[in-house]
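Using my numbering, the first residue of the sequence shown is number 8, and each one after it goes up by one.
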Amino acid sequence: MASLVVGQVAIVLIGFLLYQVFFRNKSKFPLPPGPKPLPIVGNIRDLPPPGTPDFRHWLPFKEKYGPISSVTLLGRTLVIIQDKEAAVEYLEKNSSKTSSRLQFEFVNMCGYGTMLAFMDYTDLFRQHRKFVHHQFGTTALVSRFNGVQEIESKRFLMRIFKEPESLFQHIKTEAAATILKIVYGYNVEPFGADPLVRIINDVMENASRAMLPFKKPVEIFPTLKRLPDWMPGAGFKRLAREWLALTDASAYIPYNHVKKQMENGTYQSSYVSELIQTHGKGKNMEPDEDTKEAIVRTAQMLFTGGADTTVAAIMAFVLAMIHHPEVQEKAQEELDRVVGTDRLPTYEDRPNLPYINAFMKEMLRWFTVAPVNTAHKNDEEIIFRGYRIPKGSYTVASNWWFLHDPKTYANPMAFDPDRYLAPRNEPDPTGMFGYGRRICPGRFFAQENLFITLSQTLAVFKITHAVDEKGKPIEAVLKHTPGLIDHPQEFPYSIAPRNEKCVELLKRLEVESPWEESNAEDLEWGSFTKYQEEHRRSVAERRSKVLY
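Here it is, written out as C-alpha cells:
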C-alpha cells in the first residue's frame with residue numbers, strides 16, 4: 008500500500024512537470040509578481056511559517072512586488088491583494104467568477120466543508136445563504152433580537168461584577184449565550200462551564216487551525232489520504248476523524264435538542280425551530296434530508312462564526328481601553344451626559360451617541376478580527392490589471408493592511424474614534440466583513456451585539472492596567488494569533504465598577520434580569536459524555552463559592 012502511494016505521488020509530480028513544460032498557458036499576460044519558485048514544488052518555502060499570522064507574513068510582499076503579488080504551489084496560484092481598490096474591483100465586480108472556495112483535502116476530511124463560509128459557490132451554497140439572509144440579512148431583521156442581546160449583556164456585567172478575575176471566560180460565555188439563545192432557544196449554564204459552549208469552542212479552535220492553506224502535507228499531495236493509519240506521517244488521518252466526529256456532534260446535539268423540545272411542547276422560538284416549522288412535514292414535522300442538513304449546518308455556522316468573532320472583538324476592546332484611557336473617559340462622558348447614570352444605555356439611545364458610534368467603528372478597524380479574508384477561488388481565467396489569474400487560483404485580501412494604511416487612516420496604530428467625526432471624516436471600516444457574494448451574512452447582528460455589550464460595559468466599569476505587588480502597572484501587550492480569526496492572547500488587566508452608583512446599578516441587574524435554568528442537562532451527548540461530566544464538576548465548584 009505504501010509503495011503504491013509513493014508511486015502515485017511520483018506520477019503526479021512527473022505529470023505536473025510535463026504539463027509545465029509542454030502545456031502550460033502561453034498567455035502574453037504574466038502572473039502577478041512574486042518570489043522565484045522552485046522546480047515542481049513552487050514557492051513552498053515562501054508560505055507563512057508555523058506560528059506566524061498570515062497578514063504579517065504577506066506584508067513585506069507589498070514592498071517587494073507591489074500591491075498584487077502571487078506564489079505558486081504544485082501549479083496552484085495564490086494571489087495576495089494588498090490594495091483596497093484592487094480587492095473591491097477584483098472580488099466584488101468579478102463576484103460571479105470569484106465566489107467559489109478552494110477545497111482543501113484536510114478541511115473536508117474534518118467536515119468543515121459543510122459550513123457555509125467554506126462551501127463552494129453552488130446551488131447548495133445559495134440555499135444555505137438564503138436561509139441565513141431571511142433571518143439576519145438586514146438591520147431591521149436583526150433588531151428583533153435586541154431584547155435577547157440586552158439581557159445577555161446585563162448578565163455579562165453581573166458575571167464581571169461577581170468574578171472580575173474571570174473576565175475572559177465571561178466574554179466567551181456572553182458571546183455563546185446570546186447566539187445559542189437566538190439560534191437554538193438554548194439557555195447556557197449560568198454557574199459554570201457550559202458543555203455545549205465547550206464543544207463548539209473546541210470545533211472553532213480546530214477549524215481555525217485547519218483552514219490555513221497548505222499546513223498539512225495531504226493538501227499538497229492529496230493521495231496521502233490513502234496512507235495506512237499505522238504509517239509514519241498518517242497522523243493527520245486520525246486527527247481528521249477526531250475533528251469530524253466533534254464537528255458533527257456540535258451540529259446535531261443542539262439540533263436534536265430543539266426537535267425534542269418541539270415534540271414535548273417546551274421549545275422557545277429560535278432560528279432552528281422557525282425553519283423546522285416552515286419546512287417540516289408530517290406529524291413529526293420532519294424536514295426532508297437536504298433541508299434538514301441545511302438547517303443543521305447553517306445553525307452551526309451562525310454559532311461558530313458569530314461567537315468566535317465576538318469573543319475576539321471584546322477581548323481587543325479591553326486591551327484598547329487599557330492603552331487608551333483618554334478614549335475610555337471620553338466615551339463614558341458621553342454616556343453619562345446622554346443616558347444618565349441611573350440606567351444602562353439601550354438601542355434607543357444609539358442615534359444620540361455619535362462618539363460611541365465612532366468608537367464602534369474604531370473597534371472594527373483597530374483590531375481586525377479577520378486580518379486576511381477566507382480565500383476566494385475563481386472559476387475561470389481572469390485578466391486583471393495586466394496580470395493573468397489562472398482558473399482555479401485563490402485570492403486573499405489583506406484586510407489588516409486596508410484598515411492600517413497610513414494613506415487612508417492617520418496614525419493607524421492609535422485607537423482614535425474622532426477620526427470618523429467631522430472634520431476628519433475618515434472612511435467607514437465596515438468593509439472588513441468581506442467581499443461580493445461572500446460578505447458575512449451576520450454582519451448586522453455582530454454590529455448590534457458589539458454596540459450593546461461595549462456601551463453597557465463602559466457605562467459601569469473602568470478598565471485599567473493590572474498592577475504588581477509594588478503597585479506598578481503590568482504591561483498588557485497585543486499578541487496576534489495565527490488562524491482565520493485573530494484572537495488576542497490573554498493579557499493582565501484590572502476591571503472594577505466606576506463608582507458606588509455603578510455598584511448599586513449592578514446589584515439591581517440580578518433582579519431585573521434573573522438567571523434562567525440551563526438546558527445543559529437535557530442534551531443527549533452520545534459518545535461525548537466527557538463534556539457533560541466536565542460541566543457537572545464545574546457547576547459544583549462554582550456553586551460551592553456561592554457566587555450566584
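Don't be surprised by glycine CBs; every beta carbon is placed ideally from N, CA and C.
C-beta contact flag for residue i and residue j at 7 angstroms
i, j, result
"VAL155", "ILE189", "yes"
"ARG162", "HIS177", "no"
"VAL210", "LEU253", "yes"
"HIS331", "PHE422", "yes"
"PHE2", "SER405", "No information on residue 2 is available, as it lies outside the stretch 8 to 555 that the chain covers here."
"PRO430", "LEU410", "no"
"LEU203", "CYS117", "no"
"ASN359", "VAL345", "yes"
"PHE198", "PRO448", "no"
"GLN134", "ALA323", "no"
"HIS383", "LEU85", "no"
"ASP386", "LYS100", "no"
"ILE47", "LEU80", "no"
"THR316", "VAL376", "yes"
"GLY192", "GLN275", "yes"
"ILE502", "LEU246", "no"
"PRO504", "VAL467", "yes"
"TYR119", "VAL325", "no"
Residues sharing a beta bridge with residue i, DSSP
i, result
"GLY478", "Answer by DSSP bridge pairing: none, since GLY478 is not bridged."
"ALA404", "ILE88"
"VAL78", "LEU85"
"LYS384", "SER107, TYR401"
"LYS288", "GLU293"
"LEU54", "LEU54 is not bridged to any residue."
"GLY49", "LEU45"
Where the alpha helix (DSSP H) through residue i begins and ends
i, result
"LYS258", "For the sequence presented, residue 258 should be read as Ala rather than Lys. That run of the alpha helix (DSSP H) goes 242-271."
"TYR72", "61-72"
"PHE175", "174-191"
"SER160", "153-169"
"SER215", "202-217"
"PRO332", "332-345"
"ALA147", "146-149"
Extent of the continuous beta strand (DSSP E) run through residue i
i, result
"LYS469", "468-471"
"ILE396", "394-396"
"PRO495", "Segment: none, PRO495 is in no beta strand (DSSP E) and carries neither H nor E."
"PHE391", "389-391"
"ALA377", "Run containing ALA377: none; DSSP gives neither H nor E here."
"SER501", "501-504"
Distance between residue j and residue i (C-alpha atoms, nearest Å)
i, j, result
"PHE68", "SER462", "39 angstroms"
"THR348", "ILE260", "43 angstroms"
"THR145", "ARG543", "39 angstroms"
"PHE113", "THR415", "38 angstroms"
"THR402", "PRO37", "16 angstroms"
"PRO40", "SER76", "5 angstroms"
"ILE470", "THR180", "19 angstroms"
"ARG108", "LYS232", "21 angstroms"
"ARG515", "ALA365", "30 angstroms"
"MET328", "ARG205", "28 angstroms"
"ARG426", "THR298", "46 angstroms"
"GLU70", "MET238", "43 angstroms"
"GLU341", "SER400", "49 angstroms"
"MET269", "GLU523", "19 angstroms"
"VAL279", "ARG248", "27 angstroms"
"LYS369", "GLU433", "Sequence inspection shows Glu at residue 369; the Lys mentioned does not correspond to that position. Spanning the two alpha carbons is a distance of roughly 11 angstroms."
"TYR354", "ARG151", "11 angstroms"
"SER102", "ILE396", "14 angstroms"
"PRO74", "LEU234", "40 angstroms"
"PHE452", "ASP412", "27 angstroms"
"LYS244", "LEU530", "29 angstroms"
"HIS140", "GLN110", "24 angstroms"
"PHE535", "GLU336", "47 angstroms"
"ALA241", "LYS137", "39 angstroms"
"PHE458", "LEU485", "22 angstroms"
"LYS223", "GLN539", "32 angstroms"
"SER545", "ALA200", "6 angstroms"
"PHE374", "GLY312", "17 angstroms"
"ALA338", "ALA483", "21 angstroms"
Contact test: residue i Cβ vs the ligand PLP heavy atom, cutoff 6 angstroms
i, result
"ASN208", "Looking at this structure, you won't find the ligand PLP or any other ligand, since it has none at all."
* Asked: Unbroken alpha helix (DSSP H) runs of length 4 or more, entirely within the region 89-129: which are they?
  -> 91-98, 112-116
* Asked: What are the complete alpha helix (DSSP H) segments, minimum 4 residues, inside the region 405-467?
  -> 406-409, 450-467
* To do: Just list the alpha helix (DSSP H) runs in the region 511-553, keeping only unbroken ones of 4 residues or longer that don't cross its boundaries, in chain order.
  => 536-551
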